[in-house]
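In my numbering, the protein residues as written are -19 to 11.
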């Protein structure tokens, strides 16, 4: 259920993510 409540498609909640260090979202989506 992590993907359903934390890593949402449009507005991921990276600050409350327990696997943020493994995720590539921020690296791919830097503005």
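Ideal Cβ placement from N, Cα and C applies to all residues, glycine included.
Point to revise | Simplified DSSP assignment, three categories, for residue -11 | key: coil
Practice item. For residue -19, name the three-state secondary structure that DSSP assigns. Key: coil
Check your understanding: Rounded to whole angstroms, how far is the Cβ of residue -14 from the Cβ of residue -3, which I believe are closer than 8 Å?
Key -> 5 Å
Check your understanding: Going by beta carbon distance, what residues of the same chain come within less than 6 Å of residue -7, once the five residues before and after it are set aside?
Key -> -14
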